[in-house]
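There are 2 protein chains.
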Amino acid sequence: MATGSRCAACRQLRKRCTSDCIFLPYFPPNDPQRFAVVHKIFGANNASKMLKQVEEYKRGDVAESLYYEAQCRVEDPVYGCVGIITLLQQEIYNFESQLAKIEAQIQLLKAQGVATPSH
Amino acid sequence: MATGSRCAACRQLRKRCTSDCIFLPYFPPNDPQRFAVVHKIFGANNASKMLKQVEEYKRGDVAESLYYEAQCRVEDPVYGCVGIITLLQQEIYNFESQLAKIEAQIQLLKAQGVATPSH
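Chains as they are written, first to last, in the numbering used here: chain A, 1 to 119; chain B, 1 to 119.
This is how it looks when you write it as structure tokens:
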């Protein structure tokens with residue numbers, strides 16, 4: 001295969017890219033950063049194992065989620081995407097409190113609505 | 001250092017564990033699974049780099065979030081903890097819809113409350 005068509009992984013790892021390369025469909029040469037960040041966080045060997053262990057039709061999602069996780073870890077070296085989970089859980093907690101307050105407000109309005117006509 | 005006091009990482013990697021071992025404070029020998037799962041997903045070298053690149057007082061949180069992420073990836077090899085983020089975002093979306101409906105309900109109740117006394 002010509003050098004120009006090597007995938008981003010084989011380019012970075014300076015390897016020959018064969019047609020059965022596990023990275024080829026998910027790490028195109030025009031987006032070297034995508035592989036670089038996955039390589040930095042998970043390592044090429046681990047990423048390759050994680051791709052290979054699932055059925056082929058799921059590998060696009062594996063590559064995408066590995067890239068997302070790796071990107072999060074680069075942006076937040078302490079918490080990675082666990083930091084996002086914590087934020088979202090906090091947001092859900094806030095929604096729950098907000099809903100509880102509003103439910104109480106509705107009960108009050110309903111009670112007033114029931115009481116009003118008899119005055 | 002005696003074999004018995006090697007950290008979980010040095011035990012698994014069959015290395016000598018020195019008092020300045022980067023893994024020692026965060027991967028105690030009594031929880032070998034904790035290091036095993038981080039090693040499986042990130043690799044010992046990457047995990048070591050990620051611990052070393054932050055200040056010492058943040059390393060406990062790095063180890064904890066790496067363990068959480070790795071555990072998620074073992075449980076869900078396709079989406080890892082990105083699957084949890086997607087679920088939480090869906091939950092937040094549902095809360096938002098629920099709140100919008102309830103707000104509309106309140107407006108209705110208020111309008112009825114205002115209208116009722118004049119009848």
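All C-beta atoms, glycine included, are put in the ideal place defined by N, C-alpha and C.
In this structure, DSSP gives Asp-76 (chain A) a state outside helix and strand, which the three-state scheme calls coil.
At a cut-off of 9 angstroms, the C-beta of Ser-48 (chain B) has no neighbouring C-beta in chain A.
When secondary structure is reduced to three states using DSSP, Val-82 (chain A) falls in the helix class.
Not flagged as an interface residue toward chain B: Tyr-26 (chain A), since no C-beta distance is shorter than 9 angstroms. For Pro-32 (chain A), the uninterrupted alpha helix (DSSP H) run begins and ends at 32 to 42, by DSSP.
Secondary structure of Val-54 (chain B) (DSSP, three-state): coil. The DSSP-derived three-state label of Lys-49 (chain B) is helix. Annotation for Leu-13 (chain B): the continuous alpha helix (DSSP H) segment containing it runs 8 to 13. In this structure, the alpha-carbon of Gln-12 (chain A) lies about 35 angstroms from that of Leu-88 (chain B).
In the assembly as shown, Leu-66 (chain A) is a buried residue. Its beta-carbon has 16 or more other beta-carbons within 10 Å. Contact check for Glu-91 (chain B) against Gly-80 (chain B) fails: the beta carbons are separated by 9 angstroms or more.
Using a Cβ-Cβ cut-off of 9 angstroms, Val-37 (chain A) does not count as an interface residue toward chain B, since no Cβ of chain B sits closer than that to its own.
By the beta-carbon neighbour count (other beta carbons within 10 angstroms, threshold 16), Asn-46 (chain B) is buried. If the five residues before and after Ala-63 (chain A) are omitted, its C-beta is found closer than 6 angstroms to the C-beta atoms of Tyr-26, all from its own chain and listed in chain order. The three-state secondary structure of Ser-19 (chain B), taken from DSSP, is coil.
Taking CB atoms only, Pro-29 (chain A) has no neighbour in chain B less than 9 angstroms away.
At least 9 angstroms separates the CB of Ser-5 (chain A) from every CB of chain B.
Annotation: Lys-49 (chain B) to Val-54 (chain A) spans about 28 angstroms, alpha carbon to alpha carbon. Contacts with chain A at 9 angstroms (Cβ-Cβ) include Phe-95 (chain B). Looking at the backbone, the Cα of Ala-44 (chain B) and that of Arg-16 (chain A) are separated by about 27 angstroms. Not a single CB atom of chain B sits nearer than 9 angstroms to the CB of Ile-22 (chain A). Proximity of Glu-103 (chain B) to chain A, defined by a Cβ-Cβ separation below 9 angstroms, is satisfied.
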